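Peer 1: Residue numbers (the working numbering): 629 to 1170. Take a look at the following structure, please.
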Amino acid sequence: MNTFITENPLLLLFLVISIGYLIGNIKVKGTGLGTTAVLFIGLAFGAMNPDFNVPDIIFQIGIVFFVYTVGLRSGPAFFDSFRKNGWRDITFVMLMLGLSAIVTIAIYYAMDFDKATIVGMYSGSSTNTTALAGVIDMVNLKEKGNPITINHLVVGYTFSYPMGVLGVMIAIKIMERFLKIDYQAEKEILRKDYPIDEDLTSRAIEITNHHISGKQIRDLIREHQWNIVFGRVDSKLHGTILSNWDITLYTGDKIIVVGTREELDEVEKILGKEAENSLTYDRKEYDIVRIFVSNPDVVGRELSSLNLQEKYSAIITRIRRGDIEMLAKGDTILELGDRIRFVARRQDIKGIQKIFGDSYYASSKIDLFSFGIGIALGLVLGMIEFNIPGGLVFKLGFAGGPLIVGLLLGALRRTGPIVWSLPYGSNVTLNQLGLTLLLAVIGIRSGNTLMESLSDGGWVKIFLAGSVLSVATAILSLWLGYKLIKIPYSLLLGFVANQPAILEFATDITKNRVPAIGYSFMFPISLVMKILFAQILYLILS
629 MNTFITENPL LLLFLVISIG YLIGNIKVKG TGLGTTAVLF IGLAFGAMNP DFNVPDIIFQ
689 IGIVFFVYTV GLRSGPAFFD SFRKNGWRDI TFVMLMLGLS AIVTIAIYYA MDFDKATIVG
749 MYSGSSTNTT ALAGVIDMVN LKEKGNPITI NHLVVGYTFS YPMGVLGVMI AIKIMERFLK
809 IDYQAEKEIL RKDYPIDEDL TSRAIEITNH HISGKQIRDL IREHQWNIVF GRVDSKLHGT
869 ILSNWDITLY TGDKIIVVGT REELDEVEKI LGKEAENSLT YDRKEYDIVR IFVSNPDVVG
929 RELSSLNLQE KYSAIITRIR RGDIEMLAKG DTILELGDRI RFVARRQDIK GIQKIFGDSY
989 YASSKIDLFS FGIGIALGLV LGMIEFNIPG GLVFKLGFAG GPLIVGLLLG ALRRTGPIVW
1049 SLPYGSNVTL NQLGLTLLLA VIGIRSGNTL MESLSDGGWV KIFLAGSVLS VATAILSLWL
1109 GYKLIKIPYS LLLGFVANQP AILEFATDIT KNRVPAIGYS FMFPISLVMK ILFAQILYLI
1169 LS
């Protein structure tokens, strides 16, 4: 059997992927290994037979697909986060990673680790597979794939990874008590600036407040800063019409409002009361339709630029992207695969479907021209040598080049007729495929060294050092972020949640989605910076 698998590397590859995926889906108290289980199953197979191997091109394809799709998906959030929060987020990321690097260097000298193992521990304690892959790629370029170095990197990563998850959870509970955090009070304060409640709904409200009568919708939104969308209006003067900013509301009018439940409660208090006969079920003149965005001509454009209301009697109220539903605003940028919900006259529906495409098949296809050109540009960037003061020379390689190009192209979304972004579903699939390929290859190649570490007891030292690294870094980051940079603790939990299991833990203890908001803001910045920090650590350590 061993000989058969050795002679069929693709069989080996997909055995590791399938078994790893199965194990990763097993959850204990709501927490599982996820895709990372592929790495551990790969290690198990590699430990069984040192002759098990797969072609190097599999690793290269895996890392390129993974980092490029991460860049495309994270690009808009990466630059939006910087524009909205300025230097606050960047300062915290640099502080957090700087603290982690300092603790890593201290452990390196205090416990006499080799630099490959300590950099692997740095990547494992932050559960950052991309950082590990980036350093391995650097070793492939600079040291012609030195197997000893790569094995030490993987061993350091493997034995520090568990506490990269548990250690942060422990630090969160310690600092929660030490800082005496009131999550509910923070939620009320943050509600003004962040969409705390993720579920959108609609409500018909009757205008009964005489102080509102005679005011335009534009003035009401400007005065109260509501994060909502108005739909149909049952007006005493004009009958049933679609809302716009110029419409004046009067006592007795009924209007559909879309937003979160708590936002709608605030709107209802000011406007009047919930209408007894809901307009949401009245489709005599207007119908509610959901369609897919599959026309490349509208992708990467703001909704307001389509001038939809000038051509048709229609309003887009919500957009669903992946599992997230968002309000449709004028500055919302459309992406392939978005599912939009709109209200329109029946005779206008076909014309609107033509504008957006409404083809599930087309919205799932990959533009192989833009995808191939983007990756090619990333590979070219990865080949360029950069000189760092002190005589250090490095290349971005297969990990850094495609990642940076992906971030830039993802933020651009399109250049003339070329659409750089991928449909949401296609991006997720390619991202998962790339990650599983590189994890499987890393695991298979490093399994034998892992067994040697287990036999000589070296893993205990790595595990303990990784525990110190994870817990100490998290505690220091939470304290400084809360006390020095004045970031709300609930938001900080998302900032330090470097793994989905930690994010789920943070969401459970806060009982709200503030950590998820922090995670979405910080993830792209943190991901990129961790890759760079890991490579710099490897370069500067002797």
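Just so you know, even glycine gets a beta-carbon here, dropped at the ideal spot from N, CA and C. Small disclaimer: the values here were computed from a predicted structure and weren't measured.
Are Met-797 and Ser-1105 close, meaning C-beta to C-beta below 9 angstroms?
Peer 2: No, Cβ-Cβ distance for Met-797 and Ser-1105 is not below 9 angstroms.
Peer 1: Ends of the beta strand (DSSP E) at Ser-830?
Peer 2: Run containing Ser-830: 828-835, per the beta strand (DSSP E) assignment.
Peer 1: Take every Cβ of the region 1155-1166, pair it with every Cβ of the region 760-778, and state whether three or more of those distances are shorter than 8 angstroms.
Peer 2: The region 1155-1166 vs the region 760-778: in contact.
Peer 1: Using alpha carbons as the reference points, say which of Tyr-1147, Val-927, Thr-755, Lys-770 lies closest to Leu-1024.
Peer 2: Leu-1024 has its Cα closest to that of Lys-770, out of Tyr-1147, Val-927, Thr-755, Lys-770.
Peer 1: Quick one: what's Phe-858 bridged to in DSSP?
Peer 2: In DSSP, Phe-858 forms a bridge with Val-885.
Peer 1: If we count the other Cβ atoms within 10 Å of its Cβ and call it buried at 16 or more, is Met-1011 buried or exposed?
Peer 2: Exposed.
Peer 1: Do you know how far the Cα of Asn-1140 is from the Cα of Ala-1134?
Peer 2: Their backbone Cα atoms lie some 9 angstroms apart in a straight line.
Peer 1: Grouping DSSP H, G and I as helix and E and B as strand, with all else coil, what is Leu-1040?
Peer 2: If DSSP states are grouped into helix, strand and coil, Leu-1040 belongs with the helices.
Peer 1: Once the 5 residues before and after Thr-960 are set aside, which same chain residues still bring their CB inside 8 angstroms of it?
Peer 2: Taken in chain order, the residues that qualify are Glu-930, Leu-931, Ile-947, Met-954.
Peer 1: So what does Leu-1104 bridge to, in DSSP terms?
Peer 2: Paired residue(s): none; Leu-1104 is not in a bridge.
Peer 1: Are the beta-carbon atoms of Glu-891 and Ile-856 separated by less than 9 angstroms?
Peer 2: A contact, by the Cβ cut-off of 9 angstroms.
Peer 1: Using 8 angstroms for Cβ pairs, my map puts Pro-1051 next to Ser-992. What's the rounded Cβ distance?
Peer 2: Sure, about 6 angstroms apart at Cβ, within 8 angstroms.
Peer 1: Along the chain, where does the beta strand (DSSP E) that runs through Lys-815 open and close?
Peer 2: Premise fails: Lys-815 lies in the alpha helix (DSSP H), 811-818, not in any beta strand (DSSP E).
Peer 1: Identify, in the order they occur along the chain, each residue of the same chain with its Cβ nearer than 8 angstroms to the Cβ of Pro-704, setting aside the five sequence neighbours on each side.
Peer 2: So the list reads Ile-961, Gly-1038, Ala-1039, Arg-1041, once near-sequence residues are dropped.
Peer 1: Would you list the one or two residues that DSSP bridges to Tyr-914?
Peer 2: Partner(s): Arg-973.
Peer 1: Tell me, which residues are paired with Ile-869 by DSSP?
Peer 2: Ile-869 is bridged to Val-861.
Peer 1: Beta-carbon within less than 6 angstroms of Gly-880's beta-carbon, same chain only, minus the 5 sequence neighbours each way: which residues are those?
Peer 2: If we look at Gly-880 and ignore the five residues flanking it on each side, its Cβ neighbours are Lys-864.
Peer 1: How would you write the range of the beta strand (DSSP E) that Leu-807 sits in, first residue to last?
Peer 2: Unbroken run through Leu-807 is the alpha helix (DSSP H), 775-807; no beta strand (DSSP E).
Peer 1: In terms of residue numbering, what span does the alpha helix (DSSP H) encompassing Gly-648 cover?
Peer 2: Gly-648 -> alpha helix (DSSP H) spans 637-652.
Peer 1: Buried or exposed: Ala-942, going by 16 or more other Cβ atoms within 10 Å of its Cβ?
Peer 2: It is buried - the Cβ of Ala-942 has at least 16 other Cβ atoms within 10 Å.
Peer 1: Among the residues of its own chain, which have a CB less than 7 angstroms from the CB of Ile-802, if the five just before and after it don't count?
Peer 2: Result list for Ile-802: Ile-1103, in chain order.
Peer 1: Comparing C-alpha positions only, which one of Tyr-878, Phe-680, Gly-792 sits nearest to Ser-841?
Peer 2: Answer by Cα proximity: Tyr-878.
Peer 1: Have a look at Trp-854, Val-861, Leu-794 and flag the residue whose alpha-carbon is nearest the alpha-carbon of Asp-893.
Peer 2: Comparing Cα-Cα distances from Asp-893 to each of Trp-854, Val-861, Leu-794, the minimum goes to Trp-854.
Peer 1: Rounding to the nearest angstrom, what Cα-Cα distance links Pro-1030 and Ile-1130 in this structure?
Peer 2: When rounded, the distance between both Cα atoms is 28 angstroms.
Peer 1: For the pair the region 688-701 and the region 640-653, tell me if three or more CB-CB distances fall below 8 angstroms.
Peer 2: Because the criterion of three Cβ pairs below 8 angstroms is not met, the region 688-701 and the region 640-653 do not touch.
Peer 1: What residue from Ile-730, Met-739, Ala-832 has the CA that sits closest to Arg-889's CA?
Peer 2: If we check each option's Cα against that of Arg-889, Ala-832 comes out closest.
Peer 1: Quick one: what does DSSP say Gly-900 is sitting in, helix, strand or coil?
Peer 2: Strand.
Peer 1: Can you tell me whether His-780 is buried or exposed, with buried defined as 16 or more other CB within 10 angstroms of its CB?
Peer 2: It is buried - the Cβ of His-780 has at least 16 other Cβ atoms within 10 Å.
Peer 1: Is it the case that the region 1091-1101 contacts the region 783-799, given that we only count it when at least three CB pairs across the two stretches are under 8 angstroms?
Peer 2: Because the criterion of three Cβ pairs below 8 angstroms is met, the region 783-799 and the region 1091-1101 touch.
Peer 1: Tell me, which residues are paired with Lys-843 by DSSP?
Peer 2: Leu-877.
Peer 1: Give the straight-line distance between the Cα atoms of Lys-808 and Pro-1116, rounded to the nearest whole angstrom.
Peer 2: Answer to the nearest angstrom: the Cα atoms are 12 angstroms apart.
Peer 1: Considering Cα atoms alone, identify which of Arg-949, Gly-1075, Val-917 is closest to Gln-975.
Peer 2: Closest option to Gln-975, Cα to Cα, is Val-917.
Peer 1: Going along the chain, which residues of its own chain have a beta-carbon closer than 7 angstroms to the beta-carbon of Asn-837, five neighbours each way excluded?
Peer 2: Excluding residues within five positions, the ones whose Cβ falls inside 7 angstroms are Ile-898, Leu-899, Gly-900.
Peer 1: According to DSSP, Glu-930 sits in a beta bridge with which residue or residues?
Peer 2: Per DSSP, Ile-961.
Peer 1: Just curious, the beta strand (DSSP E) that Ala-942 is in, first and last residue?
Peer 2: Run containing Ala-942: 942-949, per the beta strand (DSSP E) assignment.
Peer 1: Whole angstroms are fine: how far does the CA of Ala-1125 sit from the CA of Asp-1136?
Peer 2: Using only the alpha carbons, I get a separation of about 13 angstroms.
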